[in-house]
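Note that the protein sequences, when read in sequence, are chains C and E.
279 is the number that this note's numbering gives to position 145 of the first sequence; each next residue is one higher, with no gaps.
135 is the number that this note's numbering gives to position 79 of the second sequence; each next residue is one higher, with no gaps.
Even glycine gets a Cβ: it sits at the ideal position worked out from N, Cα and C.
In this text, all values refer to a predicted model and were calculated from it rather than measured experimentally.
The structure appears right after this line, and notes come after that.
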Amino acid sequence: MGKYIIKRLLIAAVTFLGITVLVYILASLAPGSPVEMILAGTSNLTQEDVARMEAQMGLDQPVYVQYIIWLKNVLHGNLGVSYRTMRPVTEMLGERIGPTLMLTVTALILAILIAVPLGIVAAYRPYSPWDYASSVFSFIGAAMPNFFAAMILVYLFSIKLGILPASGMYDTGTGESFSMLLKHMILPVITLMLQYVGIYTRHMRSSMLEVLGDDFVRTARAKGLRERAVVFIHAFRNALIPLVTQVGLSLSALIGGAIITEQVFSWPGMGTLMVQSINYRDYPTIMGITVLIASFVLIGNIVIDLLYGVLDPRVSRK
Amino acid sequence: MAEPILEVTNLKTGFYAKQGFYNAIEDVSFSVSPGKTLGIVGESGCGKSVTCMSMLKLLPEKSARVDEGSSVKMHGQELTGKSKKEMCKIRGNEIAMIFQDSMTSLNPVMTIGRQMAEPFMVHQGLSRKQAREKALEMLKKVGIPSPEIKMKQFPHQLSGGQRQRVMIAMALSCNPDVLIADEPTTALDVTIQAQIVRLMKQLQETSGTAIILITHDMGIVAEMADEIMVMYAGNVVEKASKRDLFQNPLHPYTKGLLASIPSLNKDVDRLYTIEGVVPGLQNMPKGCRFYDRCQNAMAVCKEKNPGLCDRGGRKVRCFLYEEGKEADA
């Protein structure tokens, strides 16, 4: 097991290096010099000023030298300085990562908690009213675009009913309390969750349906186990395995933030920062976010693989 | 012969399909006595497994229905009307079952020990620790090497023969009166088959369990069964003691089955086969179900399905043996 983890970590390290190379190349290929971006609006700019600025920022060096310097900084936890705010990128990401995770992790956990029982019920009584209800609900959830769901929710709960805030994390000027934060989280979390619930319910239903037809379920029944034990002890763990894959695929969205949802609800998270940085061609920030998301996905995949081993003994011993 | 422990009369089970309701087995009656083995043979799809699944009420309620006229009596107690809860007390306790493919019949994500302990916990109310000790005992009984280690392993880490031993141990853990073995050796190598058959016989001798052996392997029935019931397309076509059946098969289908066994002594180019296939549930013929494939088919066979008639202590379903027809046989 230990050997397996070390192997996985080594592969992840190589992949990480590859990602940094790609990110850097793409950023340096992008048109427009950052210097022009920063100095835009300054009058009486001479060619010498630009050259001096470039030398100051290390931009006169060959690309591979720039890359090595940048990588060294990244590995030391220094993602550079934002062209837009002139603040360290790490500091900006640090501010945003909390709100994003708050939103996405809550949505993901709630989605799993709702989808798993919904899928089991649907699979246990296929083609029953319960099954149809859960199918309709999950299809709507999976098919509805985030921004549309968000707009409907805002229209209903913020405008018509006026019971929930439509944007931000806190009301301005009233201080920051936990209950207020919760209230602000409700709509974006529901928006994000709807999609996950839809997809996970379908997955849970189909894998449960498949497992319930398996031979070992029949064996469990022939042993005299009660139906509840058959479903929740014998079938459940087997049915969870495909769901873990699906959740694993959602991990990148977890840290990248829900770009659209965050925009709609003006949530100060990674997604909003990403959009702002792209608009401003703030390359250090864009690169920082990309590298962060990539590392998160890498770690997430390792965690999912290990989780597989826990759930399915056939995987871990190979 | 001792009092039968399990008596099945007129068992009739059907399935709901898109176009309607179709009977899969009809008029199936048999009984088993302690320490004896009944072999049920027939091709795939002839209703062997449905018979046993109906007895234990293991068929899905939504798609299958056991007819009201059917009777399954265990110790004189009727099982057909029992509730789900009551059936749970019987399954694995009084009637246990072994399945064909031990790889898929064991839960891949649970240890052998955990799965083996379940019957003891469910039926005897033992604690997990006590149940595991009992399970270990059972594993030793069925001759699994290093049982302590195997208890902690998962099904995929065992060989096919070992897994089937585990299945047998699990089925026998609560000393069932009846053991249903649904093709217990089909998925195994020939040498392992012999070991498993020997093990089952040996355990039967010590426990006196009645065994219902479902198989399409005539060799296995020849070795294990005391009585043999031949099924075809949901009907019992012949029932006789092993000796009678092998020495003097009556029904054309039984004759065909026995003729299909390759012989070591004769050198033939082509093996004998019974032409055709078993009719499907949705196009069961009105007359004898074997009519299309029968070499002795007569005009009457097309019109009417013969009843099961008595012939010197054995039963056969064929017009060749009905009153007044015996001379033609």
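CB contact flag (residue i, residue j, <9 Å)
| i | j | result |
| --- | --- | --- |
| E:Ala152 | E:Phe176 | no |
| C:Ser162 | C:Gln200 | yes |
| C:Gln380 | C:Tyr334 | yes |
| E:Tyr347 | E:Glu99 | no |
| E:Val234 | E:Ala187 | no |
| E:Leu313 | E:Ile330 | yes |
| C:Met314 | C:Ala256 | no |
| E:Lys298 | E:Gly95 | yes |
| C:Ala356 | E:Val178 | no |
| C:Glu310 | C:Met319 | no |
| E:Thr241 | E:Val253 | yes |
| E:Arg345 | E:Asn291 | yes |
| C:Phe457 | C:Ser429 | Given a span of 135 to 452 for chain C in the structure shown, any question on residue 457 of chain C remains unanswerable. |
| E:Leu364 | E:Asp157 | no |
| E:Pro335 | E:Lys358 | no |
| C:Ile353 | E:Asn163 | For clarity, residue 353 of chain C is Thr in the given sequence; the question names Ile instead. In contact: C:Thr353 and E:Asn163 (Cβ atoms closer than 9 Å). |
| E:Arg373 | E:Val293 | yes |
| C:Gln516 | C:Asn280 | There is no way to answer for residue 516 of chain C, as the model of chain C reaches only from 135 to 452. |
Three-state secondary structure assigned by DSSP to residue i
| i | result |
| --- | --- |
| E:Arg370 | strand |
| C:Pro168 | helix |
| C:Lys452 | Caution applies to C:Lys452, whose pLDDT of 48 falls short of 50 and renders its modelled position unreliable; the value that the coordinates give is listed next. Of the three classes helix, strand and coil, the one that applies to C:Lys452 here is coil, per DSSP. |
| C:Gly253 | helix |
| E:Gly275 | helix |
| E:Cys365 | strand |
| C:Ser292 | helix |
| E:Glu294 | strand |
| E:Thr241 | coil |
| E:Gly216 | helix |
| E:Asp123 | coil |
| E:Ile154 | strand |
Within-9 Å CB hit, residue i to chain E
| i | result |
| --- | --- |
| C:Arg339 | no |
| C:Phe366 | no |
| C:Ala257 | no |
| C:Pro233 | no |
| C:Asp416 | no |
| C:Glu361 | yes |
| C:Thr353 | yes |
| C:Ala277 | no |
| C:Leu445 | yes |
| C:Asn207 | no |
| C:Asp305 | no |
| C:Lys141 | no |
| C:Asp348 | yes |
| C:Gly358 | yes |
Straight-line Cα distance separating residue j from residue i
| i | j | result |
| --- | --- | --- |
| E:Gly217 | C:Gly443 | 26 Å |
| E:Ser229 | E:Glu124 | 32 Å |
| C:Phe399 | C:Met421 | 25 Å |
| C:Leu242 | C:Asp194 | 45 Å |
| C:Glu182 | C:Gly166 | 18 Å |
| C:Asn435 | C:Ile393 | 22 Å |
| C:Val239 | C:Pro233 | 10 Å |
| E:Leu337 | C:Val437 | 50 Å |
| E:Glu189 | C:Gly136 | 32 Å |
| E:Ile168 | C:Met236 | 41 Å |
| C:Tyr198 | E:Lys208 | 54 Å |
| E:Lys138 | E:Ala120 | 16 Å |
| E:Gln351 | E:Phe302 | 19 Å |
| E:Pro201 | E:Leu195 | 9 Å |
| E:Phe71 | E:Asp238 | 20 Å |
| C:Leu466 | C:Ser268 | In the structure as shown, chain C begins at 135 and stops at 452. Residue 466 of chain C is therefore absent and cannot be evaluated. |
| C:Ala369 | E:Met172 | 17 Å |
| E:Pro60 | E:Ile268 | 13 Å |
Whole-Å CB distance - residue i paired with residue j, under 8 Å assumed
| i | j | result |
| --- | --- | --- |
| E:Lys257 | E:Met280 | 6 Å |
| C:Thr154 | C:Val425 | 6 Å |
| E:Asp273 | E:Lys92 | Between E:Lys92 and E:Asp273 the Cβ distance is about 19 Å, and since that is not below 8 Å, they are no contact. |
| E:Val97 | E:Ile284 | 6 Å |
| E:Phe210 | C:Asp349 | Actually they do not touch by this definition, with Cβ atoms about 16 Å apart. |
9 Å Cβ cutoff, residue i in contact with chain C
| i | result |
| --- | --- |
| E:Val122 | no |
| E:Ile224 | no |
| E:Glu204 | no |
| E:Lys104 | no |
| E:Phe71 | no |
| E:Ser393 | The first residue shown for chain E is 57 and the last is 385, placing residue 393 of chain E beyond what the model contains. |
| E:Arg221 | no |
| E:Pro175 | yes |
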